[in-house]
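The next block holds one structure in the form of structure tokens; read it before the comments.
There are 2 protein chains.
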Amino acid sequence: MVRTKKSPEVRSNELIDCAERLFFLHGYENTTVNDVIREANLSKGAFYHYFVSKEALLEAVATRLAERNLKELQPLFEDPSLDAVGQLNALFAGSRRLKLDMAPQLKNSFNALFKPENVALYHRIDEALMAVSLPLVAEMLRRGHADGTLDAPDPEASALMLLQLRLSVAKVMHKALQRQEAGDLDGAAAMLDGWMRTYGTAIERFLKLPDGTIEVTEPGFSRAFLEA
Amino acid sequence: MVRTKKSPEVRSNELIDCAERLFFLHGYENTTVNDVIREANLSKGAFYHYFVSKEALLEAVATRLAERNLKELQPLFEDPSLDAVGQLNALFAGSRRLKLDMAPQLKNSFNALFKPENVALYHRIDEALMAVSLPLVAEMLRRGHADGTLDAPDPEASALMLLQLRLSVAKVMHKALQRQEAGDLDGAAAMLDGWMRTYGTAIERFLKLPDGTIEVTEPGFSRAFLEA
């Protein structure tokens, strides 16, 4: 068998792939560096050439997830045909589409992230997402405030508020999935719907937008996602 | 020396005291069950009589912190002389007083909670606080909506939003403390002030209250807290 020489970047990415898979499958706490190198078919010495610790690997997994997220969002934030409200609605529409397309994987991820052994993983992903999103959302609010589309006198602080609210989606999503698993699909869908509507209302009111401007959800979405 | 026999409740509380002290001092990850029993002067067997694991001890620490918090808040939520807006403002005034009175301890706690080895501790406290506060805040919003003091058609979802926003206080507080440590007191105070004002604005707008109704902060507070 010919052993192909891989570039450091390819190797490092392979290690992140393996770690991500194992973290989500077995939990961050339950995954050892040995598990990762076995999966990646690499020596311990080679591993430590790329990452100083399991903690560093966690950081890399979270950063890469956030960067991929950023890459998907970036074009939307740069679309000159959309004002700030159009961008917000495009973000939510994109997020709904993604949720329906990737429902099974997302549900697994949500369930994995809320396990006690994944607190560190959840936290890091959260921080990494916040770090890449904050400047983009702040810039969008600054522009929207300047052209009168919305009202956000302190764009940085307002962006932090909006993103902070965004984080509770994950919590509610997890609760709804638990409720569905317990056999109460109607209750789960109603809870998710109610929360998403209130989230939209919160954004509209906070940015002084007319009622019904922001479409976080649409009729039937919650049930479709839960059943997908 | 006479060994006094302590009730199970006293013993269990002593263990939680020791754990809380050690978790905040050395970090949750760095504290072992052995450290706790040594500090509490108890045998391993006795420890496991009270808690099945370090994880269970963490749960107990978080729950007790949240229950103490609840005990302090409860009278305020039951004060018949205050409407919902009065209660919200009393909550913020109480929180400012507490922050100034306990500034050194609180700053230590903030710094401890944001260390990587305390992710689980932070998360648990967060969850426990959310669990005890959510019904109280939801009930306050329900009453305020019913008597026309404020507008919150879905009190549960709205309470979750408000508490979620509340969580970003800790993040901003931590950032401000880091900035102050780096020598930029003015910048740190301005950041904290700006964030608190925006937080007040967010609450007012979300609950359809007139501008200036909610007093999250007052002039000079942020600087006084940072310098205390």
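Heads up: the protein sequence lines correspond to chains A and B, in order.
Residue 186 in the UniProt record's numbering sits at position 186 of the first sequence; the count goes up by one each step and never skips.
Residue 167 in the UniProt record's numbering sits at position 167 of the second sequence; the count goes up by one each step and never skips.
Beta carbons are placed, not taken as given, at the ideal position from N, Cα and C, and that holds for glycine.
* Which residue spans inside the UniProt domain "HTH tetR-type" (9-69) of chain B form an unbroken alpha helix (DSSP H) run of at least 4? -> 33-40 and 44-50
Inset, instruction - Classify V172/B as helix, strand or coil using the three-state DSSP reduction. - result: Numbered from its first residue, the second sequence carries residue 172/B at position 172. Reduced to three states, the DSSP call for V172/B is helix.
Quick check on Q180/A - is its C-beta less than 8 Å from some C-beta in chain B? Translated into positions along the first sequence, residue 180/A becomes position 180. Taking CB atoms only, Q180/A has no neighbour in chain B less than 8 Å away.
* L73/B to L91/B span [Cα, whole Å] -> Within the second sequence, residue 73/B is the residue found at index 73, counting from 1. Within the second sequence, residue 91/B is the residue found at index 91, counting from 1. Rounded to whole angstroms, L73/B to L91/B spans 8 Å at the Cα level.
Between which two residues does the alpha helix (DSSP H) harbouring T198/A extend? Here the question's residue 198/A lines up with position 198 in the first sequence. Element bounds for T198/A: L185 to F206.
Pick from N13/B, Y199/B, N41/B and L209/B: whose alpha carbon is nearest that of A170/B?
-> Along the second sequence, read from residue 1 onward, the residue named residue 170/B stands at position 170. It is Y199/B.
_Beta-carbon within less than 7 Å of A120/B's beta-carbon, same chain only, minus the 5 sequence neighbours each way: which residues are those?_
Indexing the second sequence from 1 puts residue 120/B at position 120. Correct list, in chain order: Y28 and L58.
| Which whole-angstrom value is the C-beta distance of S82/B and V132/B, which I expect to be below 8 Å? | Your numbering for residue 82/B matches position 82 in the second sequence. Your numbering for residue 132/B matches position 132 in the second sequence. For clarity, residue 82/B is Leu in the given sequence; the question names Ser instead. Not really, about 20 Å apart at Cβ, beyond 8 Å.
ask   = Taking the C-alpha atoms as reference points, what is the distance between G45/A and E117/A?
value = Within the first sequence, numbered from 1, the residue matching residue 45/A stands at position 45. Within the first sequence, numbered from 1, the residue matching residue 117/A stands at position 117. In a straight line, the C-alpha of G45/A is about 27 Å away from that of E117/A.
Could you work out which residues of chain B lie near E52/A, taking near to mean beta carbons separated by less than 9 Å?
-> Taking the first residue of the first sequence as position 1, residue 52/A is located at position 52. According to the sequence displayed, residue 52/A carries Val and not Glu. What V52/A touches in chain B: nothing, since even the nearest Cβ is about 13 Å away.
Q) Does the stretch 14-23 of chain A touch the stretch 32-50 of chain A, meaning 3 or more C-beta pairs lie closer than 8 Å? A) Yes, they touch.
*Of all Cβ atoms in chain B, is any one closer than 8 Å to the Cβ of P135/A?*
Sequence index remark: in the first sequence, residue 135/A carries index 135 (1-based). For P135/A, the answer is no, since every Cβ of chain B falls outside 8 Å of its Cβ.
Which of the three DSSP states is assigned to E181/B in this structure? The count along the second sequence starts at 1 and reaches residue 181/B at position 181. In the structure shown, E181/B adopts helical secondary structure according to DSSP, grouped into three states.
Please state the DSSP three-state secondary structure of E227/B. The sequence position of residue 227/B within the second sequence is 227, counting from 1. Looking at E227/B - three-state DSSP - the assignment turns out to be helix.
So the candidates are M130/B, E55/B, Q105/B and R143/B; which of them puts its Cα closest to the Cα of V85/B? Translated into the one-based positions of the second sequence, residue 85/B becomes position 85. Closest by alpha carbon: R143/B.
Worksheet item: Run through DSSP, which three-state label would F110/A get?
Response: The residue given as residue 110/A occupies position 110 in the first sequence. Per DSSP, reduced to three states, the secondary structure at F110/A is helical.
| task | Report back the beta-carbon spacing between A60/A and I125/A to the nearest angstrom; my notes put them in contact at under 8 Å. | result | Position 60 of the first sequence, counted from the first residue, corresponds to residue 60/A. Position 125 of the first sequence, counted from the first residue, corresponds to residue 125/A. Not a contact, Cβ separation roughly 12 Å.
- Message: If you follow the alpha helix (DSSP H) that M102/A is in, where does it begin and where does it stop?
- Response: Here residue 102/A refers to the residue found at position 102 of the first sequence. It is not in any alpha helix (DSSP H) - M102/A carries neither H nor E in the DSSP assignment.
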